[in-house]
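Asker: Heads up: the sequence shown is residues 326 to 500, going by our numbering.
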Amino acid sequence: MTMVAAFAAVSMQAQVYIGGSFAIEAWSSQKNAGDRSETVFKIMPEIGYNLNDQWAIGTVIGYQNDKFNGVNGVSESAFSIAPYARYTFSKLGKVNLFVDGGVAFTSASKTDWTEVAIGFKPGLAVNLTDQLSFVSHIGFLGWDQLNPDGDDNNTSKFGLSLDGTDISFGLYYNF
């Protein structure tokens, strides 16, 4: 009985992965365009569990800081949580193609806004070793709603986005 419990614990542990990604972005405009700038820093740790060779579940818990200069000089911090289910639809040697389907919720308190997104993110994982994987998400297909402070100023969008803000790179460690 003890050996069965030990084997189950070891095999369960081999299915857990941790990792995440980070990003930094900066932009600025010239004087005639408002003389503004923004710097964004994001850190998005992630934990997941492989249910089998094709399915996994996980969540990303993120933090971002936006610093605006110019018009209002605001610095804002936001927190997010994004649980997902991952389906790996193709394994090509060390490369796995997958799609994550999930919900993301982000909230900031200083300027009082929330954002909810529901959709799919295609991606690929390159297994560098048995324990280490390079993972990338490219694009977003789904619905996104931003609710800033105030009345009647919510924005909703639905569709496919393949711009630079929907690309992420990270590393995972598989136990």
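Every residue gets a Cβ at the ideal spot worked out from N, C-alpha and C, and that includes glycine.
Is A410 closer than 8 Å to W380 when the C-beta atoms are compared?
Answerer: Result yes, Cβ atoms of W380 and A410 sit closer than 8 Å.
Asker: Rounded to whole angstroms, how far is the Cβ of G448 from the Cβ of V460, which I believe are closer than 8 Å?
Answerer: Right, the Cβ-Cβ distance comes to about 6 Å (below 8 Å), so this counts as a contact.
Asker: Could you tell me the distance, in whole angstroms, from the CA atom of L485 to the CA atom of T439?
Answerer: The straight-line gap from Cα to Cα measures roughly 21 Å.
Asker: Given this structure, state the Cα-to-Cα distance separating T436 from N478, to the nearest angstrom.
Answerer: Each residue's Cα considered, the two are about 14 Å apart.
Asker: Can you name, in chain order, every residue of its own chain whose Cβ lies under 7 Å from the Cβ of Y412, other than the five neighbours on each side?
Answerer: Closer than 7 Å at the Cβ level, and outside the excluded window around Y412, lie Q379, W380, F423 and V424.
Asker: With respect to the beta strand (DSSP E) encompassing K416, which residues constitute its N-terminal and C-terminal limits?
Answerer: K416 -> beta strand (DSSP E) spans S400 to L417.
Asker: As a quick exercise: from G427, L496, Q470 and T364, pick the residue whose alpha carbon is nearest that of E401.
Answerer: The option with the nearest alpha carbon to E401 is T364.
Asker: By Cβ distance, which residues of its chain are closer than 6 Å to P473, with the 5 residues on each side in sequence left out?
Answerer: Cβ within range, chain order: W438.
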